[in-house]
Structures are given as structure tokens and as C-alpha cells.
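Position 562 of the sequence shown, counting from 1, maps to 570 under our numbering, and the rest follow consecutively. C-beta: ideal position from N, C-alpha, C; glycine also.
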Amino acid sequence: MQSKISAKLLNSYSENIKVNLDLFLEQPFNTTLAIADNIQRNQLYQASDLTEIEDYLHSAISDIYYQQKQISTISFGSEDKDYVGFRKNENQDVSLMLQDKRTDHELEFYHGASSDDIVDHSIHNYDPTIRPWYAPFAKTKTAGWAKIYSNVDEKNTFTISSISPVINNDELLGIVATDINLRHLSNFIEPENRHFKGITYITDNQSKLVANSLKAALTDDDNNRIQATESNNALIAANGLYIANTQLQNKHAPASFEFNHNGIRYFSRITTYENNNLQWFIIVTLPEDVLLDGLPSQQRVGLIAALILAFFGLLMGLYLLRIITQPIMDIAEISQQLDHNNWDVTIKEDIKLHETTQLISAFKSMSSRLENSFTTLRQQLLFDSLTGLLSRDGFIEQLNHPTTQQHGILVLLGLRSFRHTNNSLGQHKSDQLLVAIAARLKQSITDRVVISRIDKDTFAIFTPDFKDLEHSNDFAETLLAYFNRPFLINGTEVLVSTNAGIMSGKLDDIDIEAWLRNSSLALTHAFKQEQVQSCHYQDYMITASQEQTRLTAELQRAITNHEFQVYYQPIIDLKTDQVSGAEALVRWHSPTRGLVSPLDFIPLAESTGMIIDIGQQVLTQACSDTKQQIDKGLWPNAFSLHVNLSVRELLHPLYVTTVKQILATTQLPAANLTLEVTESRLVSQPALTNKTLEQLRDLGIHIAIDDFGTGYSSLAYLTQLPFDALKVDRSFVSQMLESKSHTAIIAAIVTITNVFNAEIVAEGVETAEQAQRLKQLGCRYAQGFYYSRPKPLAEWATENTQHKTLNNYG
């Protein structure tokens, strides 16, 4: 019985440790994969210049993945032997480690997170490519866990690192490493061990200590890692010696065993733990008295009592012996039932004696602890530890059980901008907010409704009370109404904006995971709408999601294969009726889709950040074409090239440098280039955009405000904008002949440009009457279909544009 109970309890705790260890290591490993993917996909790596990667890694460790407390360092080493990384200090601040051309290729450890801070110490001739976290994975080009190694910093700490190569076109650019200090592993298993009342330690496949719950030393006085048998903790050393002598570690299979140490009997279990290429061993040990809670001493008392009673008579003794030993026999029989997870312990006691009562009590206590261990594992899987609601797994398990209900409504409630709320309130108050939301939901709905927190900022509510689609929408609106009142968090009122995604209908043959996916698509659609709080799932949403995924992949391939072509639409000087410039417009000629409308791919490129690469290709081609046309005498020396500029590009830290490089490469004078930026987009980040616009103007580049008059920005804001031209939106031009108010607006814009000493360009001119009216109003430049549609350069007239009149483009 002792062997079976100990094996069951130790196996339960070992599996619990494995599950928690998987969760502990999974986040850093996924983080490493995500960072490597972002570096490769956004092409952040530049040879000998790690500025972009430095900014990204700093954001990753201090913001994006800040909640992963186990991460001690995030770093990147390149094939060029450059290196950048950030490590967490004891106070949770981060400090920079850098080796590139800025440090004369010496590894510098800074006191803070910037290269402008004080250098704490340096390492000469540091080569990351030969380090244990780099060399093996550079050879295999696969992700995984590095073998435990000692850092080269001043602390010489031992580390385990999750590794992911950064590969572009099958060429290795470098390695991303996310480090976990070994002491964090010991800190991780130590709280679990307090409830267990035994000891836990982990070794690698060389029997060297990785972590232990007693916080015993992992290294000797010379900072070399030690075997379990060399531990300064006698119990760990004795346990390790038994494993070494019996070669249990070589069998790579779970095994339970017993040993004696200092007169105490211990039950132990060794379990193999594997995660990617990691191969560790988890050893848990429990003293006999803790396992059986005093059962052996009670057994001895019962036996003595039975022997004393035997002296009063053989018959009476046998009779009493049978009565006294009956509970023990019942315990032996019931212990067999524990193998089948039957925790209902019922032991009949004909004559209540103090000794047998204690024996039964001890067995029930042991059975209860074993049941609690299994219950704890199940609770962790099926319930959210913060709010007490069902977890995603618990939600799915409960709704997948057989039910008499034929219909249902599933609503996903997503909190808008919860990340900003988390940053403003702090982690503790944000957790309190989530608890308050869960409490309000539980208080406001009936017992038939199932509630779950399926994600950090997403709640799922299911009700079987379905009537029709209108009823589904009413149910969602009722849930959203619970968020109209603010939540009181430590005396602070917090108002949470929420959207809802709805899925309803028949439950027959429907996988609840498919319902969750569909309602999530509906929630995403609701997030994108300005005036819509809730959205019901429709079939086109998954089709649109799949189409967007395919379009994203094709767009990335189009950037790689340079499938974009520049079309030019002439800009006419209304005073001379001659071409004074042209606007460069991007067109995508897909080998599978044909000519793709900019309305279909530009918003996607904006949201994914691919607009930066597309914009760079368009600007390079347009500047090169313009320079060649001017050199051939086909375009005048003062030809004005207009190129659209995305605010996403404007906010990129290296955009000004990129433009300077393009102008230098193509040899186009900066005075010939005008960058157009939409008015409505500028107001989102005024401080950053204005600074970049000023830097561009300092280069001699002209700035034009596109679609002027539609962005709802104030005239006061206009005085702060650095610009050289305003482009009147086509909506005003198209209606000016029929509407005096539109004519007045154009006249007002002309006056504004005169005051600001700027030029004005009217877009969307489609008739001669519109062109004549614009000339009368004092508008200097115009463009539109009346003159020409956008054309590739090959379709432009070959003669000199200086002699081209209005009719040549009509």
C-alpha cells in the first residue's frame, strides 16, 4: 500500500511540475521565435549597424514581453560578429550590451539602456559566433534550447537560452537568444515545494544540478557546475548517489524507488523531462512520515493493543483481534480502489477505539491529500486563477459535454485598448479590473449561462436560450450595457470600452472551438468599425480573413520580386498650359491576380508595415526615372516629381536617412522632389511627424499636404505644419461649378496658400470648364483625367515636355 500510494502521489506531483515547467519555458521559447521572425520579416538587420534591432529588443524586454519575469536577457548576435542585447537588473531596470561599429567592435556593458550611458566594463575580442548559444544553431539553422553555459559578464552566471536563427533567403543573418538564469528555475519550483513538504531537484543528462527547491548551491567554489552527488545538501547528495549506483538516469523512463538516509525512509521518483532538444530529469523525494502522516506509529499501537488483549483469552482474543484489525483490512481493500481515482473512503468501525480511529483518520488524511493534488491539477487546467472563471479549456470541455439543448448564443466580449489601460493603471490594478469585470458578469446573468475568460482581455459568454438573430443581438447588447457604468478600482473610476462578437444557431455537429473562432472573427470585425459595438458572424468573414492572409503572403512576395510599377500623372501649370511635373502612383501587376487596385493592397500594406518597403521601391524608381528623363532633355530641369508618403514611413526612425541615400544614388536634386502626405493622417502623431517633415525640408525637399480640406484639422494646427504646397481634394473640384460653397472653399484655400507663400494644386480636374474656373480663382497647378490618366513611363510622349501644351494630354 505504501509503495502504491507513494508512487501515485509522487507521479502526480512530478506531472504537475512538468506541466508548470512547460508553461514556464513555453513563453520565452515562443518569444524567441516571434523576435526572430520580426527581425527577418521587417529586415531590421543592417550589417555593422544594430540600431534598429537595438530599438526593437529594448521594446521587447521592457514593454512587449515585460510580464515574462523569467527572462533575464534578450540578445542578437550576427554572422559579422556584432552583438546587441538587454539584460534585466535586480531592480527590473534593463541595461544595454553592445558590440558593433559604434563601440569599435568591442563588447561594452552599459549602466543603463542607452549607448550614451556610462560603460560599466568592456570585453575585448568578443566573438559571439563561437559561443555555445550560437555555434550549434548556426550550423543546423533550427530553433531550440542551448546547453547550459556560463555568461561572459562580470557575474559569470549560468544560463539556459532559447535560440532561433534569423534566416533570409536561406542565408543565416544571426541568432536571437532569450536567456533564463538558473536561479529563476530554482525560484520557480521552490513555492510549489512548500505545499509538497518534500524536496525537488532537476538534473541534466550529465547528472549536473540545474535547479532545486532548497536553493542549495549549483556550483562549487570555482564556479563550476556540480553533480547531484556533490551537492552541499546531504539529502540531495544521497538521492543522487542512489540514482548513480542504480543507473536509473540511463534508462530514460520514470521510476519510483526508496532509500534510507540518517535512519529515515524516503520515497522518490525520477521522471524524464523533454522540451524541444532539452533532456532533463525531475527528481521528487518525500519522507515516509510526511507521506503516511504518522500511519506507521499508529499501526504499531494497534498491534500492541491486539497482543495485550490476546492474553485475556484465546477466543475473546481472536474475536477482538478480528474487530480491531477490520479497519486495517478495509484500508488495504480501499487502497486498491485508489488506483481507479475512487476517493470516497468509507470504513466501517464496529467498535470505536482510539487507536483504530487515529489509523482511519491518518488514511483518510493521506487519501485527501492525494485527491487534492489531482484536484489542483484539474483546477489549474480548467479555471482561470485570477478571476475564478472557466479557462478556455474548461469552457470547451463544459460545452462539449452532451446536452439536451439544440441551440445557443456565444458572445465574445473584447476590451478595447486594454494594453493602454494596463500601462496607465499598472499590473495590480489591471488585475483588479479584470476581477471586477468577472464579478459584475457573474452577478448580472442567470445560472444557465456559462462564463469564461478565454484570453487576457477577452471574455466568452454562452447561453442556451436562443430564439432568433434579433434575440442574439439583444443578448449581446445587454452584456455590453454592463460596461456603461465605470468600475471602481482602489477609489479610481475606470470606464472600459467593449466590443462584442456573436455566434448563434444550432448546436448539432458544431465544434465549440469553431464557434470560438467564428465569434473571434466577428469581434475583430467589430473592433474595426467606428460606430458599431457588436457584430454577428457571417460566412464572408472567414473568407475575408483567409483572403487577407493569402494577400499578405502574395504582397510580401511582390516586394521580394519587385512586382510594383510606377505610373505617372502629369501636373499642369495653368498659367502656361504646360507640364510642370507629375505625381508618381504605385501599381501592382500580380502574376496571379493581374492588376491589383491600390485600394485593395495599400491599407493592408499600411497595417502590416510593408508600406515602408513598397514606398522605398517606388521612391527609388520614380527618382531614377525623373533623373533619366531630365538628362535626356525630355523633362525640364525644374520638373517637380510628387511622391505619396505614408505616415507609417514618416514615423520610421531611418526614413530621412533612406531618402538621402536614394537621392544620392539616383543623383536627383532634392529641389525636384515633392513628398505628399495626407492631412488627416498627420494629426495622429503631430510632434514626431512635424520633426521629420522639418528634417526633409532641410534637405531641400518640398512638402505637400494632400487631400486638403477633408482632414478636419484646425487652421491653428496648419500654422505648425511645415509645408510648401496644398493639394485641393477632388471632392471640392468636382462640385465647384454647381456649388457656390465649394467654389468659396477653393478660393479660401488659394488665399491661405498666398498667405503662407505656398503653391496650390487642384486634383480631379475632368473638364475644360473646371480648368478654366480654377484658373480664374487663381489656382496655379492642376491634374486630373482631363489632362491624362496615370500612365507608365513608356506610354508618355517621347518629345520634350517643355513644348507640350494642354492639348497633348487631353
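Three-state secondary structure (DSSP) of residue 543 = strand
Neighbour-count burial assignment, residue 635, 16 or more Cβ in a 10 Å radius = buried
Coarse secondary structure for residue 830, derived from DSSP in three states | Since the first and last residues shown for the chain are 9 and 818, residue 830 lies out of range.
Going by beta carbon distance, what residues of the same chain come within less than 6 angstroms of residue 720, once the five residues before and after it are set aside?
-> Caution is warranted here: a pLDDT of 49 is assigned to residue 720, below 50, making its placement in the model unreliable, and the coordinate value is therefore given only provisionally. Closer than 6 angstroms at the Cβ level, and outside the excluded window around residue 720, lies no residue.
Any chance the segment 610-629 sits against the segment 779-787, with 3 or more Cβ pairs inside 8 angstroms?
-> no
How about residue 183 and residue 134: are their beta carbons less than 8 angstroms apart?
-> no
What residue ranges within the segment 50-131 form continuous beta strand (DSSP E) runs of no fewer than 3 residues, ordered along the chain?
-> 81-86, 91-96, 102-107, 115-118 and 127-131
So, helix, strand or coil for residue 714, using DSSP?
-> strand
Using the Cα positions of residue 446 and residue 421, report the straight-line distance between them to the nearest angstrom.
-> 11 angstroms
By the 10 Å Cβ neighbour count, where 16 or more other Cβ atoms means buried, how is residue 116 classified, buried or exposed?
-> buried
In terms of residue numbering, what span does the alpha helix (DSSP H) encompassing residue 614 cover?
-> 606-616
Quick one: residues in its chain with C-beta nearer than 6 angstroms to the C-beta of residue 279, no 5 flanking neighbours on either side, listed in chain order?
-> 22, 262 and 290
Determine the burial state of residue 746: buried for a count of at least 16 other Cβ atoms within 10 Å of its Cβ, exposed for fewer.
-> exposed
Cβ-Cβ distance between residue 736 and residue 754 below 8 angstroms | yes
Endpoints, the alpha helix (DSSP H) within which residue 709 is located | First-last for residue 709: undefined, no H or E at that position.
So residue 152 packs on residue 285, CB below 8 angstroms; how close in whole Å?
-> 4 angstroms
Which value, in whole angstroms, describes the spacing of the CA atoms of residue 766 and residue 682?
-> 13 angstroms
Per DSSP, what kind of secondary structure is residue 398 in: helix, strand or coil?
-> strand
Same chain, Cβ closer than 7 angstroms to residue 121, five either side skipped, listed in chain order = 66, 94, 102, 103 and 104
Would a C-beta distance cut-off of 8 angstroms place residue 834 and residue 61 closer than the cut-off?
-> The structure shown has nothing for residue 834, since the chain only spans 9 to 818.
C-alpha distance - residue 580 paired with residue 779, whole-angstrom precision | 10 angstroms
Leaving aside the five residues before and after residue 408 along the sequence, list all residues of the same chain whose C-beta is less than 7 angstroms from its C-beta, in chain order.
-> 520
Quick one: residues in its chain with C-beta nearer than 6 angstroms to the C-beta of residue 3, no 5 flanking neighbours on either side, listed in chain order?
-> The requested residue 3 is not part of the displayed model; the chain covers only 9 to 818.
Expressed to the nearest angstrom, what Euclidean distance is found between the alpha-carbon atoms of residue 577 and residue 489?
-> 51 angstroms
Quick one: which unbroken alpha helix (DSSP H) runs of 4-plus residues sit fully inside the segment 160-206? Chain order, please.
-> 190-204
Can you tell me the Cα-Cα spacing of residue 376 and residue 369, whole angstroms?
-> 10 angstroms
Measure the alpha-carbon distance for residue 739 versus residue 600 and round it to whole angstroms.
-> 34 angstroms
Roughly how many angstroms lie between the CA atoms of residue 659 and residue 501, to the nearest whole one?
-> 34 angstroms
Integer Cβ distance of residue 91 from residue 107, believed to fall under 8 angstroms = 4 angstroms
Identify whether residue 700 lies in helix, strand or coil by the three-state DSSP scheme.
-> helix
Of all the options 460, 269 and 477, which has the alpha carbon lying nearest to the alpha carbon of residue 469?
-> 460
Can you tell me which of 18, 246, 594 and 237 puts its alpha carbon nearest to the alpha carbon of residue 567?
-> 594
Find the nearest neighbour of residue 493 within the set 726, 449 and 743, judged by alpha-carbon distance.
-> 449
Measure the C-alpha to C-alpha separation of residue 457 and residue 440 and round it to an integer number of angstroms.
-> 23 angstroms
If you draw a straight line from the C-alpha of residue 627 to the C-alpha of residue 574, how long is it?
-> 9 angstroms
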